[in-house]
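Novice:
Chains as they are written, first to last, in this note's numbering: chain A, -4 to 301; chain B, 113 to 491; chain C, 582 to 846.
Take a look at the structure:
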């Protein structure tokens, strides 16, 4: 009698816990599942359908979209899409490298400043990214338009043709990307510099005469986790960027994001857009996976935060 | 319901100690605790409690003592209702509370980490339990002032928790539990985070407080000195089983088994190879002991308390005589500890420092042991 | 000597970078006061574009859309995300890998993929059932989806930072489950909830791509309106709205700075 009531009260506790888990987690989990997982699965399915009238997908299933993505169209093969893909990769690579070049000394400089200034300095770096992407990019359009001081300067140096303006161009896109992603690199690098083990650096200064070697052996490895985290935060969204190339680049500066978006916004070829999206997803998850692998190998057990 | 003699004792003790603080001393009905066949498993194979039967008298200062992982904290958490036993019953004040959730038990806990709410002031922390029980604000305010005065931290009530020192937090945590006037107060190693000086001061204070309030205290610790200083009775636990329950001097002087003896700090334990009437054969040789101490089984251990050994002068008639060499001497001020080698075995001896000549390392000494001081301990 | 040069060039580089970061914003603000309709030459100071702005009904409605979208989505995300964060903490000893994957998905998914998936999904649901017509509702759904993870993670990390015995102390001090939620969980979470709300709000205001793909004809937000105006040909009016939005961000920055100061005190 006592036994059975005890058992039932224990069972009630277990059931209660499970019900608690369901009540607390279910609304969000169901929300994300219905409004993100299902749409993503549907989008992937679309990539394997045929393009119908008005750009809406149709049966039968086919690989048409992927062939189009590779450049095969009604008029035979054209390299346009391939160029777009390569340009996306190139822009990602160049802008990430430039972001590192700028962010590294900035993050270091902030750690050398007095402690009470550091939060304010970090805030100063981050605040511009609080404004809307479109507005930030619009600011650069104003700065780089023909007839502005910067364009005139480039003109007089012979870098661009007369009355051309610095935008639209590939250069403007790179600049916009660097501007957009700089804070995402500064923050993790700053965190890494702040944790820097000064004793190691001093030991290295004792061991290696040259500051360059001391830096390379003692400082750089310690900042590597931050560098990797920053690369994840910069390179992956840069690859899928839509707004910046759309506004600052012309037709010749298109990136994968534009190719995909255009199929939905105006061009109306959903399967082609979906195929492009699959490519982007592969790049995203591949990139994340690669960074985690590298992070685990180099970070000395330290997890790279994504 | 509760044991009348214990209640009477508590009342007397209260009368004795409350002279100075008549205002704070609240006559109260303390509650006894009965544990019947408690079992607790974590997961499939971790057994935390393996059949615990125990009665804690009303108004008693009771200590659960044991090494970490012995089950003492689990037992305390079951008393608090924070953990449910897999089997067995728990009665507080004669009432079965096994299935009562913690917020409906008149039991309060002083946590090891103090667990003061960081979002509340000291005053609101103290009043938390009263507020949850729905006492009116004016009443809460009065009681908080009274309790703060009582623990001599009246000036701190408007502070924020993070402004307190460790010792102050400890007292606030204690006051937060006491203010609810529970039937039973549980203390989970509340002194372990404090430094030695503050700790021994609070040990004395806690013990006095308990006597004054006459409340049932269940105290958990791994420190046998602390347990002996404070408790009316001690339960020594190991492997989820109660090894011995008794007053401090019972547990110290007559440990039930070798584990309890070692845990209470005894080093001089010697395996018994044979025994009869008034003698035992040990690794040290044949020793005479009180026949009343003799046990039926041949095996077991002989316990020699270091402070009962005499190193100076003649061996009185009827005493055991041992010959040994001083291997090490530790000067501790009030006493001197010797590590002796007897028959190739180590024997510890402690002498009060009365200004007598100290033995040097390497000295041969004659050791005399009174047969009445030898204790047989079960395996 | 060499050290000094390094320090000096670093300081120089810092100010140069700050100039780089703020120049585009400064130009927008500056030209919003330009009396001439030009992005290259500043004639003289005027509030002309701001006056024009107030008369533009499309801009006013876009402003309200942005505000409603941000507030409603943040409130919904706060409730749902808070529940998930608490569930994750309470049941952290269970195997919740699937939940972690689900929660990180909206964060790692590229904006554009996020946006077009939602759009394709909503369009098909709408074609099939007539429900979820593109508009404010679909935008709110999409925004809540990317806000939930941030709220959940903030709430979760707040719980992880707490002494777990506090939960037991609340039980021990006679608080019923409801009282624990009211007198312990909510007050303890208050700072986390406030910052989660502001983060959600900022994310919503900041977003363009996902809004763009889930919006309907009547539900343009300010960024969508600006986008359209830029595409049609830049007008200085845009400088004025943009300047106002930059002003709002500057205000938020000052507030966060003050909060930060207070937090440390």
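Note that the Cβ used here is the ideal one computed from N, Cα and C, for glycine as well.
Does the distance from the C-beta atom of residue 266/A to that of residue 44/A stay below 8 Å?
Specialist: Along the first chain, one-based indexing puts residue 266/A at 271. Along the first chain, one-based indexing puts residue 44/A at 49. Yes, these two residues count as a Cβ contact at 8 Å.
Novice: Buried or exposed: where does residue 208/B fall if 16 or more other Cβ atoms within 10 Å of its Cβ makes it buried?
Specialist: Within the second chain, residue 208/B is the residue found at index 96, counting from 1. Its Cβ having fewer than 16 others within 10 Å, residue 208/B is exposed.
Novice: Leaving out the 5 sequence neighbours to the left and right, which residues in its chain are closer than 6 Å to residue 359/B when beta-carbon positions are compared?
Specialist: Taking the first residue of the second chain as position 1, residue 359/B is located at position 247. Excluding residues within five positions, the ones whose Cβ falls inside 6 Å are 345.
Novice: Taking 8 Å as the threshold (beta carbon to beta carbon), is residue 191/B in contact with chain C?
Specialist: Position 79 of the second chain, counted from the first residue, corresponds to residue 191/B. Chain C contact via Cβ: absent.
Novice: Inspect the beta-carbon positions of residue 94/A and residue 229/A and report whether they are closer than 8 Å.
Specialist: Start at 1 with the first residue of the first chain, and residue 94/A comes out as number 99. Start at 1 with the first residue of the first chain, and residue 229/A comes out as number 234. Yes, the Cβ-Cβ distance between residue 94/A and residue 229/A is below 8 Å.
Novice: Taking all protein chains shown into account, do 16 or more other C-beta atoms lie within 10 angstroms of the C-beta of residue 628/C, making it buried, or fewer, making it exposed?
Specialist: In the third chain, residue 628/C corresponds to position 47, counting from 1. Residue 628/C is exposed by the Cβ-count criterion.
Novice: Rounded to whole angstroms, what's the CA-CA distance from residue 341/B to residue 775/C? Just pull it up for me.
Specialist: If you number the second chain from 1, residue 341/B lands on position 229. If you number the third chain from 1, residue 775/C lands on position 194. Residue 341/B and residue 775/C: Cα-Cα distance of roughly 50 Å.
Novice: Using alpha carbons as the reference points, say which of 638/C, 701/C and 684/C lies closest to residue 308/A.
Specialist: Residue 308/A lies beyond the range of chain A shown here (-4 to 301); nothing can be said about it.
Novice: With DSSP as the reference, please indicate the residues paired to residue 383/B in a beta bridge.
Specialist: Looking up residue 383/B in the second chain gives position 271. For residue 383/B, which the question treats as bridged, DSSP gives the partners 413/B.
Novice: For residue 231/B, return the contacting residues in chain C, with the cut-off set at a CB-CB distance below 7 Å.
Specialist: On the second chain, position 119 is the one that residue 231/B refers to. Correct list: 768 and 769.
Novice: Pick out whichever of 608/C, 746/C, 822/C and 592/C has its Cα sitting closest to the Cα of residue 108/A.
Specialist: In the first chain, residue 108/A corresponds to position 113, counting from 1. Of the listed residues, the one whose Cα sits closest to residue 108/A is 592/C.
Novice: If I'm right that residue 238/B touches residue 259/B with Cβ under 8 Å, what's the distance once you round it to whole angstroms?
Specialist: For the purposes of this step, residue 238/B is identified with residue 126 of the second chain, where counting begins at 1. For the purposes of this step, residue 259/B is identified with residue 147 of the second chain, where counting begins at 1. Yes, they are in contact, since the Cβ atoms of residue 238/B and residue 259/B sit about 6 Å apart, within 8 Å.
Novice: Less than 8 Å between the C-beta atoms of residue 178/B and residue 184/B, yes or no?
Specialist: Mapped onto the second chain, residue 178/B falls at position 66. Mapped onto the second chain, residue 184/B falls at position 72. Cβ atoms of residue 178/B and residue 184/B: closer than 8 Å.
Novice: For residue 896/C and residue 53/A, what's the separation of their Cα atoms in angstroms?
Specialist: The displayed coordinates of chain C run from 582 to 846. Any statement about residue 896/C would go beyond what the structure contains.
Novice: Restricting to Cα atoms, I'd like to know which of 145/A, 184/A, 199/A and 19/A is closest to residue 120/A.
Specialist: Against the first chain, residue 120/A aligns to sequence position 125. It is 184/A whose Cα lies nearest to the Cα of residue 120/A.
Novice: Any idea if residue 251/A is buried or exposed, counting beta-carbon neighbours within 10 angstroms, 16 or more meaning buried?
Specialist: Position 256 of the first chain holds residue 251/A. Buried, since its Cβ has 16 or more Cβ neighbours within 10 Å.
Novice: Determine the contact status of residue 790/C and residue 652/C, defining contact as a CB-CB distance below 8 Å.
Specialist: The residue labelled residue 790/C in the question sits at position 209 within the third chain. The residue labelled residue 652/C in the question sits at position 71 within the third chain. No, the Cβ-Cβ distance between residue 790/C and residue 652/C is not below 8 Å.
Novice: Let me see if you follow: with CB-CB separation under 8 Å, is residue 451/B close to chain C or not?
Specialist: In the second chain, the residue the question calls residue 451/B occupies position 339. Judged by the 8 Å Cβ criterion, residue 451/B is not in contact with chain C.
Novice: In its own chain, which residues sit with a C-beta less than 8 Å from the C-beta of residue 598/C, not counting the 5 before and 5 after it?
Specialist: Counted from its first residue, the third chain places residue 598/C at position 17. For residue 598/C, where only same-chain residues beyond five positions count, there are no Cβ hits under 8 Å.
Novice: Please state if the CB of residue 202/B and the CB of residue 150/B are separated by a distance shorter than 8 Å.
Specialist: Against the second chain, residue 150/B aligns to sequence position 38. Against the second chain, residue 202/B aligns to sequence position 90. Cβ distance < 8 Å, so residue 150/B and residue 202/B count as in contact.
Novice: With a cut-off of 8 Å, do at least 3 Cβ pairs link the region 613 to 620 of chain C to the region 441 to 450 of chain B?
Specialist: Taking 8 Å as the limit for Cβ pairs, the verdict is that the region 441 to 450 of chain B does not touch the region 613 to 620 of chain C.
Novice: Would you report the Cα separation of residue 119/B and residue 328/B, rounded to the nearest angstrom?
Specialist: Locating residue 119/B in the second chain gives position 7, counting from the first residue. Locating residue 328/B in the second chain gives position 216, counting from the first residue. Any answer about residue 119/B is weak, because its pLDDT of 42 lies below 50 and its placement is not dependable; what the coordinates show is given next. Rounded to whole angstroms, residue 119/B to residue 328/B spans 10 Å at the Cα level.
Novice: Hey, residue 451/B and residue 480/B: beta-carbon distance below 8 Å or not?
Specialist: Taking the first residue of the second chain as 1, we reach residue 451/B at position 339. Taking the first residue of the second chain as 1, we reach residue 480/B at position 368. No.
Novice: Determine the chain A residues that contact residue 753/C at a beta-carbon separation under 8 Å, and present them in chain order.
Specialist: Mapped onto the third chain, residue 753/C falls at position 172. Residues of chain A passing the Cβ test: none, with the nearest at roughly 18 Å.
Novice: Of all the residues that make up the region 221 to 248 of chain B, which are near chain C by a beta-carbon distance shorter than 7 Å?
Specialist: If the cut-off is 7 Å between Cβ atoms, the region 221 to 248 of chain B has 221, 223, 225, 227, 229, 231, 240, 241, 244 and 245 near chain C.
Novice: Go to residue 262/B, then tell me how far its beta strand (DSSP E) extends in each direction, as first and last residue.
Specialist: Along the second chain, one-based indexing puts residue 262/B at 150. That residue, residue 262/B, is in no beta strand (DSSP E); its alpha helix (DSSP H) goes 249 to 262.
Novice: Under 8 Å by Cβ, that's how I've got residue 830/C and residue 126/A pegged, so tell me the actual separation to the nearest angstrom.
Specialist: Taking the third chain and counting its residues from 1, one reaches residue 830/C at position 249. Taking the first chain and counting its residues from 1, one reaches residue 126/A at position 131. So it is a contact: roughly 5 Å between Cβ atoms.
Novice: Which residues share a DSSP beta bridge with residue 393/B?
Specialist: By 1-based counting over the second chain, the position of residue 393/B is 281. Looking at the DSSP assignment, residue 393/B forms a beta bridge with 386/B and 398/B.
Novice: Return no unless some Cβ of chain C is closer than 8 Å to the Cβ of residue 99/A.
Specialist: Looking up residue 99/A in the first chain gives position 104. So, not an interface residue.
Novice: Flag this pair as touching only if the region 232 to 244 of chain A and the region 209 to 224 of chain A have three or more C-beta atom pairs under 8 Å; answer yes or no.
Specialist: No: fewer than three Cβ pairs fall under 8 Å.
Novice: Measure the Cβ-Cβ separation of residue 703/C and residue 719/C and say whether it is below 8 Å.
Specialist: Here the question's residue 703/C lines up with position 122 in the third chain. Here the question's residue 719/C lines up with position 138 in the third chain. Taking 8 Å as the Cβ cut-off, residue 703/C and residue 719/C qualify as a contacting pair.
Novice: Put residue 778/C into one of helix, strand or coil per three-state DSSP.
Specialist: As a position in the third chain, residue 778/C is number 197, starting the count at 1. Helix, per DSSP.
Novice: Thinking just about the alpha-carbon of each residue, which of 749/C, 825/C, 750/C and 732/C is nearest to the one in residue 664/C?
Specialist: The sequence position of residue 664/C within the third chain is 83, counting from 1. It is 732/C.
Novice: With DSSP as the reference, label residue 460/B as helix, strand or coil.
Specialist: Your numbering for residue 460/B matches position 348 in the second chain. Residue state, collapsed to three classes: strand.
Novice: For residue 57/A, which three-state DSSP category applies?
Specialist: Counting from one through the first chain, the residue named residue 57/A turns up at place 62. It is coil, neither helix nor strand.
Novice: I want to verify the contact list: residues of chain A whose CB lies under 7 Å from the CB of residue 667/C, in sequence order.
Specialist: Residue mapping note: residue 667/C aligns to position 86 of the third chain, counting from 1. What residue 667/C touches in chain A: 19.
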